[in-house]
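Step one of this worksheet: look at the structure below.
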Amino acid sequence: MENILSQFNADNLDIKLTSEKLFINTATSSEAFALRSVNGIGVVDLVDDYNKALTAWKSAKHTQIIALGAAIILGILGLFALQYAADLGFALIVFGGIFAFFALRMKKTNDEPKLMSAVRIMTSGGNIDFQFDKTGIKSGIVAEFAAKVESTLTAYHKNND
Amino acid sequence: MSFWDTFVKVWQVRTSIKIQESLEESYRVYIENAETQANIPKIADELNKKNASWNEKINHHRKKTDK
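In the order they appear, the protein sequences are chains U and Z.
Okay, so the first sequence: first residue is 1 according to the numbering used here, each after it adds one.
Okay, so the second sequence: first residue is 162 according to the numbering used here, each after it adds one.
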């Protein structure tokens, strides 16, 4: 029976480190790596993804502001138009309402993006990334796990090279 | 229309498409760069905020495992 050195457990992700192997279980896969095939572990900030998400978020925010502005202008024009042409005024108010509905609906679904990070395990077959939030509740466990893998890998390669 | 006229017309159309695509690509890259430049302060701020506490955590655990 191999000695479990460290174990990290989060939503749908279970990583276990023993003196010889690294076990990774996710919702859709179950993998085991011999430590000799693991070249290193790193933590990277997913800046590119964050940049894209931030750009999309800003664009959505601008669209929302434009939609709200259009709703207000149409509403005011509609109120003025009601005095002279009731049909036109009513139509403008309805269009303003539609714009306002979409603008308010966007606000609910459009939260500011977060900068996510990833634990990157570098194996001889390629990199495996697991996303996490550095300020999240589980970040302490991730830090402990990463430090443990670093020291275990160093010791393993020192003893086996 | 002679062969030469057809050749010149086709060349003109292909060249104008290439110019249009090149202009569109330049505009796209310009917008992308401008957006990235605008995002840099926010990204740097977020990195500083997140990495300060993270570095403390990882260094603490590294010291613990080194003992």
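Note that beta-carbon positions come from the ideal geometry of N, C-alpha and C, so glycine has one too.
Computed from a predicted model, the values in this text were never measured in an experiment.
Query                                                                                                  : Result
Residues within the region 126-158 of chain U neighbouring chain Z, beta-carbon criterion of under 9 Å : Asp133, Lys134, Thr135, Ser139, Gly140, Val142, Ala143, Glu144, Phe145, Ala146, Ala147, Lys148, Glu150, Ser151, Thr152
Beta-carbon proximity of Phe8 (chain U) to Ile128 (chain U), cut-off 8 Å                               : no
Start and end residues, alpha helix (DSSP H) containing Gly75 (chain U)                                : 47-84
Distance, Ile65 (chain U) Cα to Ile137 (chain U) Cα                                                    : 34 Å
Among U:Thr26, U:Arg105, U:Gly42, U:Ala86, nearest to Asn227 (chain U) - alpha-carbon criterion        : No answer is possible for residue 227 (chain U): it lies beyond the span of chain U, which begins at 1 and ends at 161.
Reference Val38 (chain U), options U:Ala85, U:Leu17, U:His62, U:Phe80, closest by Cα                   : U:Leu17
Buried versus exposed, by CB contacts within 10 Å (16 or more), Ser117 (chain U)                       : buried
Buried or exposed (CB count within 10 angstroms, at least 16 for buried), Ala215 (chain Z)             : Reading off the sequence shown, one finds Trp at residue 215 (chain Z), where the question assumed Ala. Buried.
Any C-beta of chain U under 8 Å from that of Glu207 (chain Z)                                          : yes
C-beta atoms of Glu236 (chain U) and Ile4 (chain U) nearer than 8 Å                                    : Lying outside 1 to 161, the shown extent of chain U, residue 236 (chain U) is not represented and no answer is given.
Nearest-angstrom Cα separation, counted from Ser139 (chain U) out to Ser203 (chain Z)                  : In the sequence under discussion, the amino acid at residue 203 (chain Z) is Lys, which differs from the Ser named in the question. Spanning the two alpha carbons is a distance of roughly 22 Å.
Inter-residue CB distance, Gly89 (chain U) and Leu79 (chain U) (contact presumed, cutoff 8 Å)          : 7 Å
Residue interval of the alpha helix (DSSP H) (run including Thr154 (chain U))                          : 139-160
Beta carbon proximity, Gly111 (chain U) to chain Z, threshold 8 Å                                      : For the record, residue 111 (chain U) in the displayed sequence is Asp; it is not Gly. No, because no Cβ of chain Z sits closer than 8 Å to the Cβ of Asp111 (chain U).
Secondary structure of Asp111 (chain U), DSSP reduced to three states                                  : coil
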